[in-house]
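I have placed the structure first, in the form of C-alpha coordinates, so that the comments after it can refer back to it.
Numbering (my numbering), first residue to last: 290 to 702.
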(Lines of atoms letter the chains of each structure in order from A; the text may use other names.)
(Lines give C-alpha, C1' and ligand atoms only; values in the text may rest on other atoms or scores of the structure.)
Protein backbone atom coordinates (compact mmCIF):
# COMPACT_ATOMS: atom_id res chain seq x y z
CA UNK A 290 0.00 0.00 0.00
CA UNK A 291 1.34 3.44 -0.92
CA UNK A 292 2.32 5.47 2.11
CA UNK A 293 0.43 8.57 3.16
CA UNK A 294 1.98 12.01 2.58
CA UNK A 295 1.08 12.93 6.17
CA UNK A 296 0.99 11.23 9.57
CA UNK A 297 -2.27 12.33 11.16
CA UNK A 298 -4.14 9.13 10.38
CA UNK A 299 -2.94 5.58 10.84
CA UNK A 300 -3.81 3.98 7.53
CA UNK A 301 -6.45 4.92 4.95
CA UNK A 302 -9.23 2.64 3.73
CA UNK A 303 -8.00 0.41 0.92
CA UNK A 304 -10.33 2.10 -1.51
CA UNK A 305 -9.15 5.57 -0.48
CA UNK A 306 -7.26 6.73 -3.57
CA UNK A 307 -7.44 10.42 -2.68
CA UNK A 308 -5.57 10.07 0.57
CA UNK A 309 -2.91 7.94 -1.07
CA UNK A 310 -2.14 10.63 -3.64
CA UNK A 311 -3.10 14.17 -2.86
CA UNK A 312 -2.86 15.63 -6.36
CA UNK A 313 -4.27 18.64 -8.11
CA UNK A 314 -3.84 17.22 -11.59
CA UNK A 315 -4.71 13.50 -11.80
CA UNK A 316 -2.24 13.18 -14.69
CA UNK A 317 0.58 14.60 -12.59
CA UNK A 318 2.82 12.69 -10.22
CA UNK A 319 3.23 15.74 -7.98
CA UNK A 320 2.36 15.19 -4.33
CA UNK A 321 1.59 18.09 -2.01
CA UNK A 322 2.04 18.61 1.71
CA UNK A 323 -1.19 19.03 3.69
CA UNK A 324 -2.43 22.62 3.92
CA UNK A 325 -5.76 24.21 4.79
CA UNK A 326 -6.56 24.75 1.08
CA UNK A 327 -8.09 21.89 -0.92
CA UNK A 328 -8.51 21.57 -4.69
CA UNK A 329 -11.87 20.43 -6.13
CA UNK A 330 -12.37 19.03 -9.63
CA UNK A 331 -15.33 17.52 -11.42
CA UNK A 332 -17.68 20.43 -10.70
CA UNK A 333 -20.58 21.12 -13.02
CA UNK A 334 -20.41 24.22 -15.20
CA UNK A 335 -23.40 25.80 -13.44
CA UNK A 336 -22.26 25.17 -9.85
CA UNK A 337 -22.74 28.01 -7.38
CA UNK A 338 -20.25 29.06 -4.75
CA UNK A 339 -22.82 28.69 -1.99
CA UNK A 340 -23.35 25.02 -2.96
CA UNK A 341 -19.64 24.36 -2.43
CA UNK A 342 -19.74 26.19 0.91
CA UNK A 343 -22.75 24.23 2.10
CA UNK A 344 -21.31 20.76 1.47
CA UNK A 345 -17.81 21.62 2.74
CA UNK A 346 -19.32 23.21 5.85
CA UNK A 347 -20.49 19.74 6.90
CA UNK A 348 -16.93 18.87 7.93
CA UNK A 349 -15.30 22.16 8.93
CA UNK A 350 -15.28 25.94 8.93
CA UNK A 351 -14.92 27.29 5.37
CA UNK A 352 -13.08 30.61 5.22
CA UNK A 353 -12.89 31.20 1.45
CA UNK A 354 -13.84 29.67 -1.90
CA UNK A 355 -12.25 30.50 -5.26
CA UNK A 356 -14.31 29.14 -8.16
CA UNK A 357 -12.75 28.48 -11.60
CA UNK A 358 -16.03 28.13 -13.42
CA UNK A 359 -14.60 27.76 -16.93
CA UNK A 360 -12.44 24.85 -15.75
CA UNK A 361 -15.11 23.28 -13.49
CA UNK A 362 -12.65 23.49 -10.60
CA UNK A 363 -12.37 25.33 -7.29
CA UNK A 364 -10.17 25.96 -4.28
CA UNK A 365 -11.61 25.80 -0.74
CA UNK A 366 -9.80 27.22 2.28
CA UNK A 367 -10.64 25.82 5.74
CA UNK A 368 -9.77 27.39 9.08
CA UNK A 369 -7.18 24.69 9.85
CA UNK A 370 -5.12 21.93 8.27
CA UNK A 371 -6.95 19.43 10.50
CA UNK A 372 -10.30 20.46 9.01
CA UNK A 373 -8.92 20.06 5.47
CA UNK A 374 -7.50 16.63 6.40
CA UNK A 375 -10.86 15.55 7.78
CA UNK A 376 -12.69 16.84 4.69
CA UNK A 377 -10.38 14.82 2.46
CA UNK A 378 -10.91 11.68 4.51
CA UNK A 379 -14.67 12.12 4.88
CA UNK A 380 -15.43 12.66 1.19
CA UNK A 381 -13.10 9.88 0.08
CA UNK A 382 -15.36 7.50 2.03
CA UNK A 383 -18.62 9.37 1.37
CA UNK A 384 -18.67 10.55 -2.27
CA UNK A 385 -19.64 14.20 -2.62
CA UNK A 386 -22.14 15.35 -5.24
CA UNK A 387 -22.61 19.06 -5.94
CA UNK A 388 -25.26 20.14 -8.45
CA UNK A 389 -25.52 16.53 -9.63
CA UNK A 390 -21.80 16.03 -10.34
CA UNK A 391 -19.35 13.82 -8.44
CA UNK A 392 -16.66 16.07 -6.97
CA UNK A 393 -13.11 14.98 -6.16
CA UNK A 394 -10.99 16.54 -3.42
CA UNK A 395 -7.19 16.70 -3.14
CA UNK A 396 -4.48 18.84 -1.61
CA UNK A 397 -3.68 22.01 -3.53
CA UNK A 398 -0.13 22.97 -2.63
CA UNK A 399 -1.46 26.41 -1.60
CA UNK A 400 -1.31 27.79 1.91
CA UNK A 401 -4.09 30.31 1.41
CA UNK A 402 -6.44 31.77 -1.20
CA UNK A 403 -5.30 35.27 -2.04
CA UNK A 404 -7.92 37.95 -1.51
CA UNK A 405 -8.45 40.72 -4.02
CA UNK A 406 -9.58 43.02 -1.25
CA UNK A 407 -9.53 43.00 2.52
CA UNK A 408 -12.47 45.37 2.79
CA UNK A 409 -15.35 44.09 4.93
CA UNK A 410 -18.51 42.89 3.22
CA UNK A 411 -21.05 45.59 2.39
CA UNK A 412 -24.18 45.74 4.56
CA UNK A 413 -26.85 43.27 3.51
CA UNK A 414 -29.95 41.63 4.95
CA UNK A 415 -27.98 38.46 5.78
CA UNK A 416 -25.76 37.96 8.82
CA UNK A 417 -23.20 35.31 9.67
CA UNK A 418 -23.12 34.71 13.42
CA UNK A 419 -20.10 32.72 14.58
CA UNK A 420 -20.69 31.47 18.13
CA UNK A 421 -17.66 30.30 20.10
CA UNK A 422 -17.18 29.10 23.70
CA UNK A 423 -20.49 27.31 23.21
CA UNK A 424 -21.28 25.65 26.53
CA UNK A 425 -25.01 25.57 25.70
CA UNK A 426 -26.85 24.47 22.53
CA UNK A 427 -27.80 27.03 19.88
CA UNK A 428 -31.28 26.48 18.44
CA UNK A 429 -33.74 28.38 16.26
CA UNK A 430 -35.58 29.50 19.39
CA UNK A 431 -32.38 30.94 20.86
CA UNK A 432 -31.51 32.81 17.65
CA UNK A 433 -35.05 34.16 17.37
CA UNK A 434 -34.98 35.51 20.93
CA UNK A 435 -31.62 37.29 20.67
CA UNK A 436 -32.58 38.76 17.27
CA UNK A 437 -36.08 39.87 18.26
CA UNK A 438 -35.08 43.42 19.37
CA UNK A 439 -33.71 44.10 15.88
CA UNK A 440 -36.28 42.48 13.62
CA UNK A 441 -38.00 39.26 12.60
CA UNK A 442 -35.88 36.49 11.06
CA UNK A 443 -37.07 35.39 7.61
CA UNK A 444 -34.60 32.55 7.08
CA UNK A 445 -32.13 30.80 9.32
CA UNK A 446 -29.68 27.91 9.09
CA UNK A 447 -27.58 26.58 11.95
CA UNK A 448 -24.31 24.71 11.36
CA UNK A 449 -22.51 22.90 14.23
CA UNK A 450 -18.79 23.66 14.02
CA UNK A 451 -15.61 22.55 15.77
CA UNK A 452 -15.38 26.06 17.21
CA UNK A 453 -19.05 26.06 18.29
CA UNK A 454 -21.77 27.11 15.81
CA UNK A 455 -22.22 29.21 12.70
CA UNK A 456 -25.63 30.71 11.98
CA UNK A 457 -26.72 32.26 8.68
CA UNK A 458 -29.76 34.46 9.31
CA UNK A 459 -31.73 36.79 7.04
CA UNK A 460 -33.88 39.64 8.34
CA UNK A 461 -36.35 41.84 6.45
CA UNK A 462 -34.24 44.96 5.85
CA UNK A 463 -30.60 46.07 5.68
CA UNK A 464 -31.32 48.53 8.50
CA UNK A 465 -32.45 45.69 10.78
CA UNK A 466 -29.38 43.62 9.87
CA UNK A 467 -27.08 46.58 10.58
CA UNK A 468 -28.68 47.15 13.97
CA UNK A 469 -28.43 43.44 14.79
CA UNK A 470 -24.77 43.33 13.78
CA UNK A 471 -23.92 46.30 16.00
CA UNK A 472 -26.02 45.01 18.89
CA UNK A 473 -24.93 41.35 18.84
CA UNK A 474 -21.26 41.51 17.85
CA UNK A 475 -19.06 40.63 20.82
CA UNK A 476 -21.99 39.81 23.11
CA UNK A 477 -22.55 36.61 25.13
CA UNK A 478 -25.81 34.68 24.75
CA UNK A 479 -25.25 33.31 28.26
CA UNK A 480 -23.08 34.77 31.00
CA UNK A 481 -19.45 34.11 30.08
CA UNK A 482 -20.24 31.70 27.23
CA UNK A 483 -21.66 31.41 23.71
CA UNK A 484 -19.81 34.48 22.39
CA UNK A 485 -21.14 36.03 19.16
CA UNK A 486 -19.16 37.42 16.24
CA UNK A 487 -21.50 39.09 13.72
CA UNK A 488 -20.63 39.75 10.06
CA UNK A 489 -22.47 40.61 6.86
CA UNK A 490 -22.82 38.06 4.05
CA UNK A 491 -23.54 38.99 0.40
CA UNK A 492 -27.28 38.86 -0.28
CA UNK A 493 -27.26 35.97 -2.83
CA UNK A 494 -26.13 33.49 -0.17
CA UNK A 495 -29.63 32.58 1.02
CA UNK A 496 -31.87 34.15 -1.61
CA UNK A 497 -33.72 31.82 -3.96
CA UNK A 498 -36.09 32.49 -6.85
CA UNK A 499 -39.03 31.85 -4.54
CA UNK A 500 -38.01 33.08 -1.10
CA UNK A 501 -39.44 31.14 1.79
CA UNK A 502 -38.65 30.59 5.44
CA UNK A 503 -36.09 27.82 5.74
CA UNK A 504 -36.21 26.28 9.19
CA UNK A 505 -33.92 23.69 10.69
CA UNK A 506 -35.94 20.75 11.97
CA UNK A 507 -34.02 19.62 15.04
CA UNK A 508 -35.52 16.12 14.80
CA UNK A 509 -33.97 15.68 11.36
CA UNK A 510 -30.45 16.52 12.57
CA UNK A 511 -28.26 13.59 13.52
CA UNK A 512 -27.86 12.48 17.13
CA UNK A 513 -24.80 10.35 16.24
CA UNK A 514 -21.17 11.44 16.35
CA UNK A 515 -18.42 9.96 14.19
CA UNK A 516 -15.06 9.16 15.83
CA UNK A 517 -11.77 8.90 14.00
CA UNK A 518 -8.09 8.51 14.85
CA UNK A 519 -8.72 6.21 17.83
CA UNK A 520 -6.06 3.90 19.21
CA UNK A 521 -6.78 0.21 18.62
CA UNK A 522 -6.83 -0.40 22.40
CA UNK A 523 -9.91 1.81 22.89
CA UNK A 524 -12.99 -0.23 23.91
CA UNK A 525 -16.73 0.60 23.76
CA UNK A 526 -16.81 0.95 27.57
CA UNK A 527 -13.97 3.47 27.47
CA UNK A 528 -15.84 5.44 24.81
CA UNK A 529 -19.02 5.29 26.90
CA UNK A 530 -17.25 6.51 30.05
CA UNK A 531 -15.89 9.54 28.19
CA UNK A 532 -18.85 10.47 25.99
CA UNK A 533 -21.51 9.89 28.67
CA UNK A 534 -20.25 13.05 30.38
CA UNK A 535 -22.01 15.12 27.70
CA UNK A 536 -25.27 13.24 27.20
CA UNK A 537 -27.05 9.92 27.57
CA UNK A 538 -25.22 7.47 25.31
CA UNK A 539 -27.50 4.84 23.78
CA UNK A 540 -25.05 2.86 21.65
CA UNK A 541 -21.34 2.72 20.87
CA UNK A 542 -19.82 1.07 17.82
CA UNK A 543 -16.17 0.58 16.86
CA UNK A 544 -15.72 -0.54 13.27
CA UNK A 545 -14.51 -4.13 13.03
CA UNK A 546 -12.17 -3.56 10.09
CA UNK A 547 -11.22 -0.01 11.06
CA UNK A 548 -10.54 0.06 14.79
CA UNK A 549 -9.54 3.71 14.53
CA UNK A 550 -13.14 4.69 13.69
CA UNK A 551 -16.40 4.51 15.61
CA UNK A 552 -19.88 5.92 16.23
CA UNK A 553 -21.66 7.12 19.37
CA UNK A 554 -25.46 7.44 19.43
CA UNK A 555 -27.09 9.95 21.82
CA UNK A 556 -30.69 10.61 22.77
CA UNK A 557 -30.81 13.84 20.77
CA UNK A 558 -28.83 16.14 18.49
CA UNK A 559 -27.97 18.70 21.17
CA UNK A 560 -26.16 16.06 23.22
CA UNK A 561 -24.20 15.01 20.13
CA UNK A 562 -23.20 18.62 19.45
CA UNK A 563 -22.14 19.06 23.08
CA UNK A 564 -19.91 15.99 22.84
CA UNK A 565 -18.36 17.19 19.58
CA UNK A 566 -17.69 20.67 20.93
CA UNK A 567 -16.03 19.35 24.09
CA UNK A 568 -14.21 16.24 22.89
CA UNK A 569 -12.99 17.01 19.38
CA UNK A 570 -9.19 16.80 19.17
CA UNK A 571 -8.64 15.69 22.79
CA UNK A 572 -5.69 13.35 23.49
CA UNK A 573 -6.62 9.71 24.09
CA UNK A 574 -4.00 6.96 24.34
CA UNK A 575 -1.42 9.02 22.51
CA UNK A 576 -3.62 10.14 19.61
CA UNK A 577 -5.87 13.15 19.12
CA UNK A 578 -9.46 11.96 18.86
CA UNK A 579 -11.40 13.55 15.98
CA UNK A 580 -15.14 14.00 16.53
CA UNK A 581 -17.78 15.17 14.04
CA UNK A 582 -21.54 14.95 13.59
CA UNK A 583 -22.40 11.83 11.57
CA UNK A 584 -24.95 11.59 8.77
CA UNK A 585 -26.21 8.43 10.46
CA UNK A 586 -29.05 8.81 12.93
CA UNK A 587 -28.99 5.27 14.31
CA UNK A 588 -26.43 2.54 15.05
CA UNK A 589 -27.45 -0.93 13.91
CA UNK A 590 -26.39 -3.82 16.12
CA UNK A 591 -24.29 -6.41 14.20
CA UNK A 592 -25.29 -10.06 13.92
CA UNK A 593 -21.74 -11.45 14.03
CA UNK A 594 -20.45 -12.35 17.50
CA UNK A 595 -16.98 -11.03 16.66
CA UNK A 596 -18.37 -7.68 15.59
CA UNK A 597 -20.82 -7.59 18.52
CA UNK A 598 -17.90 -7.27 20.95
CA UNK A 599 -17.17 -3.86 19.41
CA UNK A 600 -20.79 -2.64 19.43
CA UNK A 601 -22.65 -2.24 22.72
CA UNK A 602 -26.14 -1.07 23.66
CA UNK A 603 -26.27 1.26 26.67
CA UNK A 604 -29.92 2.32 26.38
CA UNK A 605 -30.80 0.75 29.74
CA UNK A 606 -27.53 1.61 31.47
CA UNK A 607 -27.86 2.73 35.11
CA UNK A 608 -24.96 5.14 34.52
CA UNK A 609 -26.82 7.81 32.51
CA UNK A 610 -26.05 11.23 34.03
CA UNK A 611 -28.99 13.14 32.58
CA UNK A 612 -32.06 11.05 33.38
CA UNK A 613 -33.74 13.84 35.37
CA UNK A 614 -34.66 17.11 33.65
CA UNK A 615 -33.07 20.09 35.37
CA UNK A 616 -30.50 17.94 37.15
CA UNK A 617 -27.42 19.71 38.57
CA UNK A 618 -25.36 17.50 36.28
CA UNK A 619 -26.30 19.85 33.42
CA UNK A 620 -24.61 22.70 35.31
CA UNK A 621 -21.50 20.62 35.97
CA UNK A 622 -20.69 19.75 32.36
CA UNK A 623 -17.15 20.96 31.67
CA UNK A 624 -14.58 20.44 28.91
CA UNK A 625 -11.61 18.14 29.54
CA UNK A 626 -9.05 19.46 32.02
CA UNK A 627 -6.24 18.10 34.17
CA UNK A 628 -8.50 18.24 37.26
CA UNK A 629 -11.09 15.52 37.90
CA UNK A 630 -14.07 15.58 40.26
CA UNK A 631 -14.59 12.31 42.17
CA UNK A 632 -17.84 11.44 43.93
CA UNK A 633 -19.60 8.56 45.71
CA UNK A 634 -16.50 7.90 47.81
CA UNK A 635 -16.42 5.51 50.76
CA UNK A 636 -14.57 6.02 54.05
CA UNK A 637 -11.45 4.08 53.02
CA UNK A 638 -10.91 6.07 49.80
CA UNK A 639 -8.16 8.45 50.86
CA UNK A 640 -5.32 10.06 48.92
CA UNK A 641 -3.08 6.98 49.07
CA UNK A 642 -5.94 4.82 47.83
CA UNK A 643 -6.28 6.91 44.67
CA UNK A 644 -2.52 7.16 44.17
CA UNK A 645 -2.46 3.36 44.03
CA UNK A 646 -5.66 3.08 41.97
CA UNK A 647 -4.55 5.50 39.26
CA UNK A 648 -0.87 4.52 39.22
CA UNK A 649 -1.16 2.38 36.08
CA UNK A 650 -2.52 5.32 34.07
CA UNK A 651 -0.93 8.46 35.52
CA UNK A 652 0.79 10.06 38.48
CA UNK A 653 -1.50 11.99 40.80
CA UNK A 654 -0.18 15.52 41.45
CA UNK A 655 -2.65 16.82 44.05
CA UNK A 656 -5.62 15.59 46.08
CA UNK A 657 -8.28 17.55 47.98
CA UNK A 658 -11.52 16.57 49.73
CA UNK A 659 -14.48 18.86 49.06
CA UNK A 660 -17.92 19.10 50.64
CA UNK A 661 -19.01 17.46 53.86
CA UNK A 662 -18.50 13.84 54.85
CA UNK A 663 -15.53 13.24 52.54
CA UNK A 664 -17.76 11.82 49.84
CA UNK A 665 -16.26 14.00 47.09
CA UNK A 666 -12.74 15.01 46.11
CA UNK A 667 -10.66 16.76 43.45
CA UNK A 668 -7.59 15.14 41.93
CA UNK A 669 -5.06 16.85 39.70
CA UNK A 670 -2.74 15.39 37.06
CA UNK A 671 0.17 16.79 35.05
CA UNK A 672 -1.71 16.86 31.74
CA UNK A 673 -5.20 16.67 30.29
CA UNK A 674 -4.17 13.44 28.57
CA UNK A 675 -3.42 11.85 31.96
CA UNK A 676 -6.80 12.93 33.32
CA UNK A 677 -8.63 11.58 30.25
CA UNK A 678 -6.84 8.25 30.59
CA UNK A 679 -7.79 7.91 34.27
CA UNK A 680 -11.40 8.83 33.53
CA UNK A 681 -11.94 6.32 30.71
CA UNK A 682 -10.50 3.52 32.85
CA UNK A 683 -12.09 4.26 36.24
CA UNK A 684 -15.36 6.17 35.75
CA UNK A 685 -18.23 3.89 36.90
CA UNK A 686 -15.64 1.54 38.45
CA UNK A 687 -17.23 -0.79 41.05
CA UNK A 688 -15.18 -0.60 44.24
CA UNK A 689 -16.59 -2.76 47.04
CA UNK A 690 -20.14 -2.23 45.87
CA UNK A 691 -19.82 1.53 45.26
CA UNK A 692 -19.53 2.97 41.76
CA UNK A 693 -16.85 5.63 41.53
CA UNK A 694 -18.10 8.69 39.65
CA UNK A 695 -15.60 10.83 37.75
CA UNK A 696 -16.08 14.01 35.73
CA UNK A 697 -13.94 16.87 34.49
CA UNK A 698 -13.78 19.91 36.77
CA UNK A 699 -13.21 23.61 36.14
CA UNK A 700 -11.45 23.92 39.51
CA UNK A 701 -7.77 24.76 39.74
CA UNK A 702 -5.74 24.06 42.86
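Yeah, the Cβ is synthetic: ideal placement off N, Cα and C, and Gly gets one too.
Quantities reported herein were computed from a predicted structural model and do not represent experimental measurements.
Here DSSP, grouped into helix, strand and coil, assigns residue 488 to strand. For residue 475 and residue 422, the gap between their C-alpha atoms comes out near 12 Å. Inclusion of residue 518 and residue 680 in the CB contact set at 8 Å is not warranted, their separation being larger than that value. In the structure shown, the three-state DSSP call for residue 682 is helix.
Each of 357, 335, 374, 358 was checked against the Cα of residue 345, and the nearest Cα belongs to 374. By alpha-carbon distance to residue 601, the top candidate from 360, 340, 540, 322 is 540. Here residue 611 has 536, 537, 618, 619 as same chain residues with Cβ atoms under 7 Å from its own Cβ, once five neighbours each way along the sequence are excluded. Per DSSP, residue 419 is one residue of the beta strand (DSSP E) stretching across 415-421. Just measuring C-alpha positions, the residue of 595, 590, 594 sitting nearest residue 604 is 590. Residue burial is scored here from C-beta neighbours: residue 459 has at least 16 other C-beta atoms within 10 angstroms and is therefore classed as buried.
Residue 542 is classed as buried because its beta carbon has at least 16 other beta carbons within 10 Å across all chains shown. Buried is the label assigned to residue 564, since at least 16 other Cβ atoms lie within 10 Å of its Cβ.
In this structure, the beta-carbon distance from residue 362 to residue 330 falls below 8 Å. Judged by DSSP in its simplified three-state form, residue 619 adopts helix. Between residue 545 and residue 647, the alpha-carbon positions lie close to 30 Å from each other. Here residue 483 carries a strand assignment [DSSP, helix/strand/coil]. Sixteen is the threshold: since fewer than 16 other Cβ atoms of the shown chains lie within 10 Å of the Cβ of residue 357, the residue is exposed. A distance below 8 Å separates the beta carbons of residue 332 and residue 387. Here residue 382 carries a helix assignment [DSSP, helix/strand/coil]. CA-to-CA, the gap between residue 483 and residue 437 works out to about 18 Å.
The C-beta of residue 335 has fewer than 16 other C-beta atoms within 10 Å across all chains shown, which makes the residue exposed.
For residue 345, there is no enclosing beta strand (DSSP E); the residue is part of the alpha helix (DSSP H) that begins and ends at 338-345.
Between the alpha carbons of residue 527 and residue 559 lies a gap of roughly 22 Å.
DSSP lists 577 as the beta-bridge partner residues of residue 572. Within the same chain, Cβ atoms closer than 8 Å to the Cβ of residue 370 are found at 323, 324, 325, the five residues on either side in sequence being excluded. For residue 698, the number of other beta carbons within 10 angstroms of its own is at least 16, and it is reported as buried. Here the alpha carbons of residue 569 and residue 555 stand approximately 16 Å from one another. At the C-beta level, residue 455 and residue 419 come within 8 Å of one another. Here residue 669 has 627, 628, 654, 655, 702 as same chain residues with Cβ atoms under 7 Å from its own Cβ, once five neighbours each way along the sequence are excluded.
Under DSSP, residue 687 forms a beta bridge with 692.
Look at residue 599 here: in three-state DSSP terms it is coil, with no helix or strand label. With a minimum length of 3 residues, the unbroken runs of beta strand (DSSP E) contained wholly in the region 503-550 fall at 513-517, 538-543.
Secondary structure note for residue 649: it is in no alpha helix (DSSP H), with a DSSP letter that is neither H nor E.
When rounded, the separation of the alpha-carbon atoms in residue 596 and residue 548 is 11 Å. Cβ contact annotation for residue 625 (same chain, cutoff 8 Å, sequence separation greater than five): 567, 568, 571, 673, 676, 677, 697, in chain order. The criterion of a C-beta distance shorter than 8 Å is satisfied by residue 666 and residue 634.
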